[in-house]
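When you line the sequence shown up against numbering that gives the first Met the number 0, it's residues 0 to 318, in that order. All residues carry an ideal CB built from backbone N, CA and C; glycine is no exception. Reading through the structure tokens given below for one structure.
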Amino acid sequence: MKGHAAAPAAGTILCAFATGYGAAFGIDKYGTATVELDDSGDIYGEVADKPDMDTRLIERCVERCVERFGDNEGGVVRTDSDIPMAAGLKSSSVVANAAVLATLDALDVSIIDTTDQNAMYSDGGQRLISGQDGTVDDLEQDGQAVSLLTATRIGVEAARDANVTTTGAFDDATASMFGGVTVTDNLEDELITRDTVDWDVLVWTPPKQAFSSEVDHDRCKQLAPLADEILDLVSREKYQDAMMINGFGFCSALRFTCEPIVEALPATKGVSLSGSGPSFVAVGKRDDLEEVKEKWELREGSVWFTKTVERGAHILDSA
Numbered sequence: 000m001k002g003h004a005a006a007p008a009a010g011t012i013l014c015a016f017a018t019g020y021g022a023a024f025g026i027d028k029y030g031t032a033t034v035e036l037d038d039s040g041d042i043y044g045e046v047a048d049k050p051d052m053d054t055r056l057i058e059r060c061v062e063r064c065v066e067r068f069g070d071n072e073g074g075v076v077r078t079d080s081d082i083p084m085a086a087g088l089k090s091s092s093v094v095a096n097a098a099v100l101a102t103l104d105a106l107d108v109s110i111i112d113t114t115d116q117n118a119m120y121s122d123g124g125q126r127l128i129s130g131q132d133g134t135v136d137d138l139e140q141d142g143q144a145v146s147l148l149t150a151t152r153i154g155v156e157a158a159r160d161a162n163v164t165t166t167g168a169f170d171d172a173t174a175s176m177f178g179g180v181t182v183t184d185n186l187e188d189e190l191i192t193r194d195t196v197d198w199d200v201l202v203w204t205p206p207k208q209a210f211s212s213e214v215d216h217d218r219c220k221q222l223a224p225l226a227d228e229i230l231d232l233v234s235r236e237k238y239q240d241a242m243m244i245n246g247f248g249f250c251s252a253l254r255f256t257c258e259p260i261v262e263a264l265p266a267t268k269g270v271s272l273s274g275s276g277p278s279f280v281a282v283g284k285r286d287d288l289e290e291v292k293e294k295w296e297l298r299e300g301s302v303w304f305t306k307t308v309e310r311g312a313h314i315l316d317s318a
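Rendered as structure tokens:
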């Protein structure tokens, strides 16, 4: 019983720390998970090239899937990722999503995108739902299938179990799971809306790390009036304006410099601190972002281009 899945990283439009409402977008940088189940009853996790890495999150993702859809299976979950950790690029959501989908694949549970009732992701691709009657709720109850939204919630609950996050980061998790732009209510783990964008993306990741579990949430909540205004911009699909204001606001709350935003503004207003930092993301047209790249490359750390993605987490061929 083996499963294999991948999930993309994401950048921030609206940080959810202030009000619980957040928005994020998937980017073309991936993490993967491979799950091999057996009858041992014990789950073990491994992270590629990081033997001392805490594996509680990925183990708990497998456990939650097995508890709901399996029969007390044990096994091993292995993850690999090109995404820098504790950098604001949603690395925890990425491995959680990949681990959940890989486990469901190993358990032969079909995965349905309920926002597109004609699409089912399984066996490495997309196919029409056929030969199955009843609602998605019926299929989930019978253990035959699970919606992508439910799969996302499994990973978010596992993150809470593992104390990786205080909020669950549902905005980050959905952007990684679905791709495109997602807007969420993180207090209720509800997906408000999805959208597609086609942006080039520039990322600057400083050498230091910043852990979301160490965020001063009381300080961030003081930005609630600003976050409400940003959410209004998001609701009107003014994503780049929202990013700029989010960046200035949360740089202040989280005590990061605003200089990378100022440097980008002549070329694009779609620039923000991503998550709890320390990475910054800028979006727009490649030619415009080249100007930003020249300035950001003078800073310590790594600067790299990627793109937004419309397809999020998905099953891979396990062969």
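Any heavy atom of the ligand SAM within a distance shorter than 7 Å of the CB on residue i?
i: T31; result: With respect to the ligand SAM, the structure shown offers nothing to examine, as it has no ligands at all.
Applying the criterion that 16 or more other CB atoms from any shown protein chain within 10 Å of the CB defines a buried residue, is residue i buried or exposed?
i: K49; result: exposed
i: N185; result: buried
i: K28; result: buried
i: T102; result: buried
i: D132; result: In this prediction, D132 scores a pLDDT of 44, lower than 50, which makes its location untrustworthy; no coordinate-derived value is stated.
i: F24; result: buried
i: N96; result: buried
i: G376; result: In this structure the chain extends from 0 to 318, so residue 376 is not present and cannot be described.
i: F210; result: exposed
i: H319; result: Any property of residue 319 remains undetermined from this structure, which presents the chain solely from 0 to 318.
i: H216; result: exposed
i: L272; result: buried
i: P206; result: exposed
i: L230; result: buried
What does the alpha-carbon distance come out to for the pair residue i and residue j?
i: L284; j: E62; result: A small correction: the amino acid at residue 284 is Lys; Leu does not occupy that position in the sequence shown. Near 42 Å, if we compare the C-alpha coordinates of E62 and K284.
i: E289; j: I244; result: 22 Å
i: T181; j: E236; result: 11 Å
i: A174; j: S275; result: 16 Å
i: A15; j: A263; result: 23 Å
i: T11; j: Q221; result: 19 Å
i: L100; j: W198; result: 27 Å
i: T183; j: A17; result: 13 Å
i: V270; j: F279; result: 7 Å
i: V291; j: A266; result: 7 Å
i: L88; j: D37; result: 33 Å
i: A8; j: I26; result: 5 Å
i: G311; j: M176; result: 5 Å
i: I153; j: C64; result: 7 Å
i: A158; j: V94; result: 10 Å
i: D227; j: P277; result: 23 Å
i: I82; j: Q143; result: 32 Å
i: A4; j: S92; result: 13 Å
i: I42; j: D104; result: 16 Å
i: V261; j: V163; result: 32 Å
i: P333; j: F255; result: As displayed, the chain neither begins before 0 nor continues past 318, which places residue 333 out of reach and without an answer.
i: R298; j: I111; result: 43 Å
i: Q208; j: S90; result: 12 Å
i: A6; j: A86; result: 17 Å
Run through DSSP, which three-state label would residue i get?
i: T173; result: helix
i: E262; result: helix
i: P224; result: helix
i: T33; result: strand
i: G21; result: strand
i: L186; result: coil
i: K292; result: helix
i: S278; result: coil
i: D199; result: strand
i: A6; result: strand
i: S92; result: helix
i: V65; result: helix
For residue i, collect the residues of the same chain with a Cβ closer than 6 Å to its Cβ; drop the 5 residues on either side in sequence, then sort them by chain order.
i: T195; result: G179, E309
i: G21; result: L13, A15, D170, T183, N185
i: M52; result: V46
i: V282; result: W198, V200, G269
i: E296; result: V302
With a CB to CB cut of under 7 Å and the five nearest residues on each side skipped, what residues in its chain are close to residue i?
i: D240; result: L232, K268
i: G44; result: T54, I57, E58, V76
i: D160; result: R59
i: G167; result: V155, A158, R159, N185, D188
i: T305; result: I26, D27, K28, V200, V202
Using a Cβ-Cβ cut-off of 8 Å (strictly less than) and excluding sequence neighbours within five positions of residue i, which residues of its own chain qualify?
i: C257; result: G246, F247, C250, S251
Mind reading off the beta-carbon distance from residue i to residue j? Whole number of angstroms is fine, and I expect it under 8 Å.
i: D79; j: T31; result: 5 Å
i: A172; j: V155; result: 5 Å
i: W303; j: P259; result: Not confirmed; about 14 Å, so no contact.
i: L106; j: M242; result: 38 Å between Cβ atoms; not a contact.
i: V34; j: G74; result: 6 Å
i: T113; j: L148; result: 6 Å
i: V214; j: L253; result: 7 Å
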